[in-house]
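These notes are about the structure you will find just below.
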Amino acid sequence: MHSTSPHTGSSTYCSTLLTGALWQRLCPSLVALLGTPVSQRLARVSGRAEGQMGRGSGCMAHPGPLFNNKQARAIYGVVCGLVVTMGGVGELRPVLESLLHRMLLYPPPQCRQDALRAIIEVRHSLN
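Start counting the sequence shown at 11; every next residue gets the next number (the numbering used here).
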């Protein structure tokens, strides 16, 4: 997160109403869209330890994401837009980091290309 934020090391002022709306409404909706890895769902049901599958392999048992590539790119674009515009707001950092984490690690490895491209575009737009 710190490497993708244009405001690293500084704090940016943001309206509490906007911060609240992003924190309480938009970001949780994006988290829900990005889903929960199969390994976490199975671990809760079976009582199995979550660490039995490798990091980022949580959806390997699932044939693919619940949305198509075009929808995934739209969601990733919104997440990356939030990182660029709101990365300097300290209160939003934890939820933005959570979104990036879900975006990069939860899809199966064969479906991560769009997420990686979105991150690369953010990096290029900040330079």
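Backbone N, C-alpha and C fix where the C-beta goes; we use that ideal spot for every residue, glycine too.
With a cut-off of 8 Å on the beta carbons, I'd call Cys90 and Ala128 a contact; round off their distance for me.
That pair is a contact at about 5 Å.
By Cβ distance below 7 Å, which residues in the same chain neighbour Ser108 in space, the five residues on each side in sequence not counted?
These residues qualify, in order along the chain: Val41.
First and last residue of the uninterrupted alpha helix (DSSP H) at Cys121:
From DSSP, Cys121 is part of no alpha helix (DSSP H); its letter is neither H nor E.
Pair within 8 Å by beta-carbon distance, Thr46 and Leu102:
With contacts defined as CB atoms closer than 8 Å, Thr46 and Leu102 fail to qualify as a contacting pair.
Nonlocal neighbours in the same chain, by C-beta distance under 7 Å from Arg112, ignoring five residues either side:
The beta carbon of Arg112 sits closer than 7 Å to those of Val41, Leu44, all from its chain and outside the five residues before and after it, given in chain order.
DSSP state of Val99, grouped into three classes?
Here Val99 sits in coil by DSSP.
If you follow the alpha helix (DSSP H) that Pro117 is in, where does it begin and where does it stop?
Looking at the DSSP string, Pro117 is not in any alpha helix (DSSP H), and its letter there is neither H nor E.
Where the alpha helix (DSSP H) through Thr26 begins and ends
Thr26 -> alpha helix (DSSP H) spans 26 to 31.
Cα-Cα separation, Ala84 to Val99:
Ala84 and Val99: Cα-Cα distance of roughly 23 Å.
Cα-Cα separation between Thr26 and Ile130, rounded to whole angstroms:
A direct Cα-to-Cα measurement between Thr26 and Ile130 gives close to 30 Å.
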